[in-house]
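Trainee: Quick one: the structure is below, questions incoming.
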Amino acid sequence: MTDTVEYRSFLSRLDPTWPRLVHRGGRYFPDRPACTRVDWGECAFIGNGMIGASIYKKTATGLCFELGRNDAEAHNFLKGVDWCVPRIPIGDMVLTAGPFTETQAVTNEQMRLGLYDAEATGEMETPAGNISWQAFADAARDVLVLVVTYPQTLSASARPRVSLHPAHGISPRLNWVSKEVADAASPLPPLPVLTTTGDITLSVQELVNDAGDISGECAVALRAMKEARQDISDSSRRDMYLLSIQHSRGNGVARNAARAAVDEAAAMGTAALEDEHRAWWHSWWRRSFLSLSDTRWEAFYHIQLYKLASATRGEMDEVIDNQGVWLTDSAWPGTWWNLNVQLSYSPLCKANRVDLARSLANTIRRHEKQIRLNAAPVTPEGMYMGRSSGRECTGNTLPTREAILQGIEGIFELGNFTWIAKLLHDQYRYTMDRQFLAETVYPVLRAAVEVPCSLLERGEDGKLHLPRTTSPEYPTPGDPARSTFCPAQDTSYDLALLRWGLTTLLDAEHELGMTDAHSALWKECLRDLTPYCLDENGLMVARGLPFAVSHRHYSHLFALYPLQLFDLEDPSERAVAETSFRHWIGLRGALQGYSYTGSAAMAALLGEGNFALDCLNGLREYLLPNTMYTEGGGPVIETPLSGAESLQCVLVHTIKNTLRVFPAIPDAFRDLQFAALLAEGAFEVSGRRAHGVNQWVLVKSLAGSPLRIMPNLPGAVLAHGARAFNLKPDGKGAYLIDLKRGEAVLLYG
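For the sequence shown, the working numbering begins at 72 and goes up steadily by one.
Written out as structure tokens, the structure reads:
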């Protein structure tokens, strides 16, 4: 069905536009060494999974392309400054419109982000004539392309100029500590070196290890190609600029790679680069389709999909971190594993972009040795990721098992890596790729649950209990020194993830026809694992720790979402779920944007579509004009991305192997249509709603899984397809349908 959509006209309605660009400047702090940029929320952004740029007005006559590369990070850790080994700033490419004074500057400036072509375009109105530009991050190679068109009549001195402005590649965290602490930070790398040879300008930032020795580099090559294309009028001139960003652990490697990348792109020429780039994106958009009568949410959804394809690629082995390819001044220049990574990947499966999500599995494979070392003091068979890390997954090593059992102080979020395994298992469930289950999901999940299993102790009640761990990032009431952690036994977060992990491992064994040496132990753990701690408000954070203060993270509610461990058709279990949910979202004060995306998904699971939309609307006040997001210590990308998954949840979701279509449609969504959304069991699902009435549902089986579906259609449900289908109603609104692999069935009322 996606083949019938004219995507260019459809998406052009949703393109972010800037009718008038304004320079916002910086935000200065008296006790900090530098200012932080405030343009994150008003920029256009381009990316290809590895490199990218944020585009905004830098000065009265200049346009800034703030550069980023996914894997460019420091090679050392600054104690007292860094949370983890940080990403590093690279610098800017700047387009300047002639040698005008401030009073003669650009009189007006517009910009547009074209979603379909994944290109940013703009125009500068100047006293000497208009300058237009086009920029994209080539989908097939690590090169940014900038094409500038201007009047042929401009003198050489008045023509637009493109220049490279490297940044010192030091931790962004230095902007978020006191000047005294920043001044004492050591070792720092040398300043970047900028050179020009022929038509290539090269910036090289050497990087240092903890001993202060040079250990690698980040390099940027900018190549200018004057009058690169002649397919324009004689009155205009067109120049092309090619930029590549490279990072290496060896010295001299990145600079050579950057030069080679721009030379290769130059040999292709603008037209070939543009055609290659657009072909990738045009194909990518056709994976699935969504149209909503509420065009604000319709535009929001498609901008998030654009972000995801700009922030990662399935063949990469770099996980989406807190800023993606758009690093800017932030207190969180790293990878956070207790929510950020998981939310960033959450919309990809339902959006029918499972291949894009493979970068997560690739990252785990690449760093498996380190992730196992993180768990080694507790168990040699485990894998563990703590709260945050750099690109190499270091800085997360657990204390010994004995120390944890004896109550050593620390932030131990045992469930984080099991939550990562849940994302991998989702990729299996949405594709039914048994090889991926056997070779990736099963071994990762096995290692993830090994850590909490190794820490279980049997109590006097005969149940197995967890030691003092941390529910992200619940504070210790009344203790400012513990504002992001509160050690407690039997946290609902860790218990839910362990319970889900054990159940899923045993199910996977059955699916794969195998028996693990630990199977008996897993069954015992699952049987004897202590229940969640409850009070009059539902789920507690942990034993002896009620949910008593407002908190942004829904970590104690994981049994409801995302793990769906409650049987919502059981009145008693549903009551616990609803009470817990309402109590959490009702305590205001510390909620943030992702509190509302999480609550929207929970409301959808509970079938409360109008409340789900109310929650989503609560996200609006946290969104920046371009749908980017900041929180506390600065820019992060995960929250708006998770909003896309919340929208998907009101359209399609699976509970207890029942595919539910139109499960929680808000009344305000009177007209909508979607095509080729993916559901568990590897079903492509399409549907239409008009004038507030669900019209039809089309399901195609990609794997031949059993189909139990609740289509939520009015009246008697009928089926149509290439053959006669037998619909077996279960009396609760669901139907069993004998749909085979490759077949499609149309349901209508």
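Yeah, the Cβ is synthetic: ideal placement off N, Cα and C, and Gly gets one too.
In this text, all values refer to a predicted model and were calculated from it rather than measured experimentally.
1) What residues in its chain sit with their C-beta under 8 Å from that of A299, if we drop five residues either side in the sequence?
2) Quick check on the burial criterion: 16 or more other C-beta atoms within 10 angstroms. Buried or exposed for M585?
3) Near W655, which residues of its chain fall below 7 Å by C-beta distance, leaving aside the five closest residues on each side in sequence?
4) Going by beta-carbon coordinates alone, are W593 and L636 separated by less than 8 Å?
5) Here's a check: name, in chain order, each residue in its chain whose Cβ is nearer than 7 Å to the Cβ of L576, leaving out the five neighbours to either side.
6) With a threshold of 8 Å, are at least 3 pairs of Cβ atoms found where one atom belongs to the stretch 388 to 406 and the other to the stretch 109 to 119?
7) Within the continuous beta strand (DSSP E) that includes G123, where are the two ends?
8) For M498, collect the residues of the same chain with a Cβ closer than 6 Å to its Cβ; drop the 5 residues on either side in sequence, then sort them by chain order.
9) Leaving out the 5 sequence neighbours to the left and right, which residues in its chain are closer than 7 Å to L184 when beta-carbon positions are compared?
10) Any contact of the stretch 699 to 710 with the stretch 775 to 789, i.e. 3+ C-beta pairs under 8 Å?
11) So if DSSP puts M164 in a beta bridge, which residue, or which two residues, is it bridged to?
12) Would you call the stretch 746 to 754 in contact with the stretch 406 to 416, where contact means no fewer than 3 C-beta pairs closer than 8 Å?
13) Pick helix, strand or coil for C289, following the three-state DSSP scheme.
14) If contact is defined by three or more beta carbon pairs under 8 Å, each pair taking one atom from either stretch, is the stretch 524 to 537 in contact with the stretch 547 to 555?
15) For V470, which option in M456, E463 and R462 has the closest C-alpha, if you only look at C-alpha atoms?
16) Specify the secondary structure class of R424 as computed by DSSP and reduced to three states.
17) Could you work out which residue in R320, H353 and L314 is closest to D334 when comparing CA atoms only?
18) Of all the options H239, I161, V152 and C135, which has the alpha carbon lying nearest to the alpha carbon of A143?
19) I believe I285 touches N322 by the beta-carbon criterion, under 8 Å. Please report the beta-carbon distance rounded to the nearest angstrom.
20) Could you pull the start and end residues of the beta strand (DSSP E) that S307 belongs to?
21) Taking the beta strand (DSSP E) that F488 falls in, what are its first and last residues?
22) Distance check for S364 and D738, CA to CA, integer angstroms please.
23) Among residues of its own chain, excluding the 5 on either side of K811, which ones have a beta-carbon nearer than 6 Å to its beta-carbon?
24) Quick one: is T366 buried, meaning 16 or more other Cβ sit within 10 Å of its Cβ, or exposed?
25) Q181 lies in the beta strand (DSSP E); which residues open and close that run?
26) Opposite T601 in the DSSP bridges: which residues?
27) Express the C-alpha separation of I122 and G139 in angstroms, rounding to a whole number.
28) Closer than 8 Å is the cut-off here; do at least three beta carbon pairs connect the stretch 719 to 737 with the stretch 680 to 693?
29) Which value, in whole angstroms, describes the spacing of the CA atoms of L92 and M699?
30) With a CB to CB cut of under 7 Å and the five nearest residues on each side skipped, what residues in its chain are close to R349?
31) If we call anything under 8 Å between Cβ atoms a contact, is N423 one with E755?
32) On the criterion of 16 or more Cβ atoms from any shown chain inside 10 Å, does P711 qualify as buried, or is it exposed?
33) If we count Cβ pairs, one from each stretch, closer than 8 Å, do we get three or more for the stretch 379 to 391 versus the stretch 724 to 731?
34) Looking at the structure shown, is N411 part of a helix, part of a strand, or coil, going by DSSP?
35) I believe Q233 touches A295 by the beta-carbon criterion, under 8 Å. Please report the beta-carbon distance rounded to the nearest angstrom.
36) For K799, write down the residues that DSSP places opposite it in a beta bridge.
Mentor: If we stick to the structure as given:
1) The predicted model places A299 with a pLDDT of 49, which falls under 50 and marks its position as unreliable; any figure quoted below should be read in that light. The answer, listed in chain order, is V218, R309, D310, M311, G340 and T341.
2) exposed
3) F618, Y625 and L628
4) no
5) L516, R517, V520 and W593
6) yes
7) I122 to K128
8) In the sequence as presented, Met is not what sits at residue 498; that position holds Gln. The answer, listed in chain order, is V425 and A428.
9) D86, P87, A115 and A191
10) no
11) F136 and L235
12) no
13) strand
14) no
15) The question names Val, yet the displayed sequence has Pro at residue 470. Among M456, E463 and R462, the Cα nearest to that of P470 is on M456.
16) coil
17) L314
18) I161
19) 6 Å
20) S307 to S319
21) Careful: F488 lies outside any beta strand (DSSP E), inside the alpha helix (DSSP H) at N487 to T502.
22) 11 Å
23) G775
24) exposed
25) N179 to G185
26) According to DSSP, T601 bridges with nothing at all.
27) 6 Å
28) yes
29) 17 Å
30) D188
31) yes
32) buried
33) no
34) helix
35) The displayed chain sequence assigns Val, not Gln, to residue 233. Indeed, because the Cβ distance is near 7 Å, the residues count as touching under 8 Å.
36) L807
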